[in-house]
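> Dropping the structure in here first, questions after.
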Amino acid sequence: MSQWSQVQQLEIKFLEQVDQFYDDNFPMEIRHLLAQWIESQDWEAASNNEAMATILLQNLLIQVDDQLDKVSQEKNLLLIHNLKRTRKLLQGKYQGNPMHIAVIISNCLREERRILAAASMPVQGPLEKSLQNSVVSERQRNVEHKVSAIKTSAQMTDQDVKYLEDLQEEFDFRYKTIQSLEQNDKNSALIKQEMLALQAMLNTLDYKRKEVLSKIGRVIHEIDMLMSNMLTEELLDWKRRQQIACIGGPLHGGLDQLQNCFTLLAESLFQVRRQLEKLDELLTRLTYDGDPIPVQRPQLLEKVNFLLYNLFRNSFVVERQPCMPTHPQRPMVLKTLIQFTVKLRLLIKLPELNYQIRVKCNVLHSNRRFVLCGTHVKAMNMDESANGSLSVEFRHLQPKEMKSSAGSKGNEGPHMVTEELHSISFETQVCLYGLTINLETSSLPVVMISNVSQLPNAWASIIWYNLSTNDPQNLSFFNNPPAATLSQLLEVLSWQFSSYVGPIQLSNVEAAKLKKEGIRVTFNTVLFP
Numbered sequence: 358m359s360q361w362s363q364v365q366q367l368e369i370k371f372l373e374q375v376d377q378f379y380d381d382n383f384p385m386e387i388r389h390l391l392a393q394w395i396e397s398q399d400w401e402a403a404s405n406n407e408a409m410a411t412i413l414l415q416n417l418l419i420q421v422d423d424q425l426d427k428v429s430q431e432k433n434l435l436l437i438h439n440l441k442r443t444r445k446l447l448q449g450k451y452q453g454n455p456m457h458i459a460v461i462i463s464n465c466l467r468e469e470r471r472i473l474a475a476a477s478m479p480v481q482g483p484l485e486k487s488l489q490n491s492v493v494s495e496r497q498r499n500v501e502h503k504v505s506a507i508k509t510s511a512q513m514t515d516q517d518v519k520y521l522e523d524l525q526e527e528f529d530f531r532y533k534t535i536q537s538l539e540q541n542d543k544n545s546a547l548i549k550q551e552m553l554a555l556q557a558m559l560n561t562l563d564y565k566r567k568e569v570l571s572k573i574g575r576v577i578h579e580i581d582m583l584m585s586n587m588l589t590e591e592l593l594d595w596k597r598r599q600q601i602a603c604i605g606g607p608l609h610g611g612l613d614q615l616q617n618c619f620t621l622l623a624e625s626l627f628q629v630r631r632q633l634e635k636l637d638e639l640l641t642r643l644t645y646d647g648d649p650i651p652v653q654r655p656q657l658l659e660k661v662n663f664l665l666y667n668l669f670r671n672s673f674v675v676e677r678q679p680c681m682p683t684h685p686q687r688p689m690v691l692k693t694l695i696q697f698t699v700k701l702r703l704l705i706k707l708p709e710l711n712y713q714i715r716v717k718c719n720v721l722h723s724n725r726r727f728v729l730c731g732t733h734v735k736a737m738n739m740d741e742s743a744n745g746s747l748s749v750e751f752r753h754l755q756p757k758e759m760k761s762s763a764g765s766k767g768n769e770g771p772h773m774v775t776e777e778l779h780s781i782s783f784e785t786q787v788c789l790y791g792l793t794i795n796l797e798t799s800s801l802p803v804v805m806i807s808n809v810s811q812l813p814n815a816w817a818s819i820i821w822y823n824l825s826t827n828d829p830q831n832l833s834f835f836n837n838p839p840a841a842t843l844s845q846l847l848e849v850l851s852w853q854f855s856s857y858v859g860p861i862q863l864s865n866v867e868a869a870k871l872k873k874e875g876i877r878v879t880f881n882t883v884l885f886p
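Be aware that the sequence shown starts at 358, since it is given in the numbering used here, and climbs by one per residue.
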């Protein structure tokens with residue numbers, strides 16, 4: 358089934374979202390009539406390749422002509438009128454800038470995929486609903502819309518920089534031509550007229566330089582605002598949903614959408630960086646009193662680099678938390694000398710980074726000390742993941758306890774073994790386009806056990822922690838743990854039962870009975886009777 362066919366089957370609330378991004382720039386009528394052909398073309402690649410975009414625009418117009426011939430035979434007067442108008446609009450608007458239509462169609466297809474993904478998300482439980490309300494959904498739409506708009510603005514600024522470069526080359530040629538003339542020739546009326554024309558051209562160059570710098574500044578500001586507010590909140594929400602999923606809650610999603618946003622922002626920032634480099638190149642060939650480039654460019658470049666550093670650091674996430682393959686429903690409980698797996702992802706998916714980033718993992722200690730046996734340094738790549746994400750999965754790690762010289766037995770200190778929290782840390786370095794960025798991230802707190810009999814209590818600790826806090830690194834949580842509410846406990850009970858017998862929930866009668874009897878239980882006695 359084509360993507361457009363899937364879109365047409367959406368509920369009205371999602372169709373209204375689709376309607377918002379189709380207008381005269383790319384009419385929905387063309388999207389509908391040419392659905393399969395449009396989806397079979399690589400508009401994303403064409404948005405950065407003028408020759409390819411030119412061919413696609415020509416083919417698009419041919420496809421419209423074919424549709425015109427078809428409806429002419431059917432004598433559909435209204436459709437004939439609309440298609441003729443649309444063809445004239447497309448040719449007139451994009452003939453001189455075919456990459457623009459490629460950008461627009463690429464963004465429309467991306468928005469459709471985002472809405473289809475949002476529509477297919479499963480029904481959530483009460484705790485999950487607290488994270489996925491209408492405000493959050495609206496923010497997700499706003500983030501992706503703004504990211505697409507930023508990408509388009511950065512691509513359009515490329516055209517402005519190219520125009521500026523062509524204008525400067527023309528000025529340079531005409532200026533050098535005059536300079537090569539003999540002194541007597543320079544005094545002629547024709548040459549004086551040419552000098553006036555050159556001065557006017559220099560004024561235009563100055564105006565265009567200021568305009569390009571202003572546009573670059575606006576793109577940088579938009580990215581800064583998006584990263585500081587909505588994108589940060591989206592990432593925090595995803596991490597909270599991951600916590601809930603780890604303790605049996607509804608499966609979480611949204612990481613692919615975040616990856617798309619992070620990648621597009623990184624591409625836009627690198628594109629802006631190249632534009633600033635081009636301006637520096639133009640500066641070396643021509644400068645003048647009041648030139649805005651030497652004043653504004655260093656500040657803009659510093660801001661771009663700062664944003665790239667922050668974007669990369671936030672993009673390094675634990676996609677799948679540490680888990681023993683022997684106990685897939687008990688993540689973050691690790692047994693000494695038993696293998697566990699953990700998966701990392703870089704949300705900035707750039708082909709240049711494939712197999713170029715080596716990730717090293719270690720254990721952040723609490724009272725006891727552990728080392729990781731097995732392969733603890735691996736390269737991130739796009740080949741192992743089904744969705745082609747830039748990730749790395751450690752599959753053969755084993756925690757080994759380091760006995761202290763004093764002969765500690767491992768459970769001394771303020772907590773029992775099953776309430777002692779540790780964390781697996783990961784570090785790497787990205788070297789790209791002259792930038793060197795150190796990245797660090799950590800797993801959610803884990804409990805290290807040495808005997809399988811400790812598993813129930815350890816799992817109860819993991820549930821308690823992730824149910825009660827969204828702090829990803831509070832290793833001292835059990836110094837003063839908060840109480841869990843009855844409603845939280847009932848929902849966790851439903852999750853645990855569902856993991857064994859299917860998707861059921863405690864009935865209202867069962868919940869009321871528990872509340873009426875005032876049962877006071879610990880996690881381990883209820884979850885592991």
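All C-beta atoms, glycine included, are put in the ideal place defined by N, C-alpha and C. Bear in mind the structure is a predicted one, so any value in this text is a computation, not a measurement.
Quick test of your reading: Ile573 and Gln516, contact by CB under 8 Å. State the CB separation rounded to the nearest angstrom.
Contact flag wrong, Cβ pair sits at about 13 Å.
> Please classify Gln366: does DSSP put it in a helix, a strand, or coil?
Of the three classes helix, strand and coil, the one that applies to Gln366 here is coil, per DSSP.
> In the DSSP output, which residue or residues are listed as bridge partners for Thr698?
Partner(s): Cys680.
> Just the Cα atoms here: how many angstroms apart are Ser397 and Arg388?
Taking the straight line from one Cα to the other gives about 12 Å.
> Find the nearest neighbour of Asn617 within the set Phe371, Arg498, Thr443 and Met805, judged by alpha-carbon distance.
Of the candidates Phe371, Arg498, Thr443 and Met805, the one whose C-alpha sits nearest the C-alpha of Asn617 is Arg498.
> Where does Phe727 land, buried or exposed, given buried means 16+ other C-beta within 10 angstroms?
Classification of Phe727: buried, given that the 10 Å Cβ count is 16 or more.
> Just how far apart, CA to CA, sit Gln512 and Ser625?
Distance between the alpha carbons of Gln512 and Ser625: 8 Å.
> Is Gln653 closer than 8 Å to Leu559 when the C-beta atoms are compared?
Result no, Cβ atoms of Leu559 and Gln653 do not sit closer than 8 Å.
> Assuming the contact rule is C-beta atoms closer than 8 Å, Val787 and Pro679 should be a hit. Round their C-beta distance to whole Å, please.
Going by Cβ atoms, the distance from Val787 to Pro679 rounds to 23 Å, so no, they are not a contact pair.
> Taking three-plus beta-carbon pairs below 8 Å as touching, is the stretch 774-790 in contact with the stretch 710-722?
As far as the Cβ criterion goes, the stretch 774-790 touches the stretch 710-722, which means the pair count is three or higher.
> Do three or more CB pairs link the stretch 685-701 to the stretch 745-757 at distances below 8 Å?
Yes, the stretch 685-701 is in contact with the stretch 745-757.
> State the CB to CB distance for the pair Ser359 and Trp400, rounded to an integer number of angstroms; the pair is presumed to be in contact (CB under 8 Å).
No, Ser359 and Trp400 are not in contact; Cβ-Cβ is about 15 Å, not under 8 Å.
> Say whether the stretch 437-456 touches the stretch 404-417, bearing in mind that this needs 3 or more beta-carbon pairs closer than 8 Å, one atom from each stretch.
They touch, by the three-pair rule.
> Tell me which same chain residues have a C-beta within less than 6 Å of the C-beta of Thr882, skipping the five on either side of it?
Because Thr882 sits at a pLDDT of 42, beneath the cut-off of 50, its placement in the model cannot be relied upon, and the following sentence gives the value as read from the coordinates. Once the five neighbours on either side are set aside, Thr882 has no close Cβ partner at all.
> Rounded to whole angstroms, what is the Cα-Cα separation between Thr830 and Asn823?
Checking the displayed sequence, the identity of residue 830 turns out to be Gln instead of Thr. About 11 Å.
> Could you tell me which of His502, Leu562, Ile604 and Gln393 sits nearest to Leu801, measuring between CA atoms?
Residue Ile604 is the option with its Cα nearest to Leu801.
> Would DSSP call Glu784 helix, strand or coil?
Glu784: strand per DSSP, three-state reduction.
> Give the secondary structure of Asn416 by DSSP, where H, G and I count as helix, E and B as strand, and everything else as coil.
Three-state DSSP puts Asn416 in a helix.
> Going by alpha carbons, who is nearest to Phe619 out of Val629, Lys635 and Leu583?
Residue Leu583 is the option with its Cα nearest to Phe619.
> Short of 6 Å in beta carbon distance, which residues of its chain neighbour Lys794, apart from the five on each side in sequence? Order them along the chain.
Reading off the sequence shown, one finds Ile at residue 794, where the question assumed Lys. If we look at Ile794 and ignore the five residues flanking it on each side, its Cβ neighbours are Tyr666, Phe669 and Val787.
> Just mark Ile369 as buried or exposed, buried being the case when its beta carbon has 16 or more other beta carbons within 10 Å.
Under this definition Ile369 is an exposed residue.
> Taking a contact to mean a Cβ-Cβ separation below 8 Å, would you say Lys635 touches Glu709 in this structure?
For Lys635 and Glu709, no; Cβs fall outside 8 Å.
> What does DSSP give as the partner residue(s) for Pro756 in the beta ladder?
For Pro756, which the question treats as bridged, DSSP gives the partners Leu729.
> Less than 8 Å separating the beta-carbons of Ala623 and Ile705?
Yes, the pair counts as a contact, with Cβ atoms nearer than the cut-off.
> So what does Thr509 bridge to, in DSSP terms?
Answer is none; Thr509 lacks a bridge partner.
> From Asp828 to Leu440, what distance separates their C-alpha atoms?
Their Cα atoms are separated by approximately 56 Å.
> Looking at the structure shown, is His779 part of a helix, part of a strand, or coil, going by DSSP?
Strand, per DSSP.
> Are the beta-carbon atoms belonging to Val734 and Arg715 less than 8 Å from one another?
Contact: yes.
> Output the distance between the C-alpha atoms of Ser404 and Pro685, rounded to the nearest integer angstrom.
The alpha-carbon atoms of Ser404 and Pro685 are separated by roughly 43 Å.
> Which residues in the same chain as Ser807 place their Cβ atom closer than 6 Å to its Cβ, once the five residues preceding and following it in sequence are excluded?
If we look at Ser807 and ignore the five residues flanking it on each side, its Cβ neighbours are Thr693.
> Quick check on Ile419: buried or exposed, where buried means 16 or more other Cβ atoms within 10 Å of its Cβ?
So Ile419 counts as exposed.
> Nearest-angstrom Cα distance between Val893 and Tyr451?
No answer is possible for residue 893: the residues shown for the chain start at 358 and end at 886.
> Since Lys717 sits in a beta bridge, which residues does DSSP pair it with?
According to DSSP, Lys717 bridges with Val734 and Glu784.
> Note down, in chain order, each residue of its chain lying with its Cβ closer than 6 Å to the Cβ of Ser765, except the 5 sequence neighbours on either side.
Unreliable placement is indicated for Ser765, whose pLDDT of 47 sits below 50; the coordinate value is still reported in the next sentence. Correct list: empty, nothing qualifies.
> Using beta-carbon positions only, say whether Ser818 and Ala841 come within less than 8 Å of one another.
Cβ atoms of Ser818 and Ala841: not closer than 8 Å.
> Which residues mark the beginning and the end of the beta strand (DSSP E) in which Leu792 is found?
That run of the beta strand (DSSP E) goes Leu792 to Ser799.
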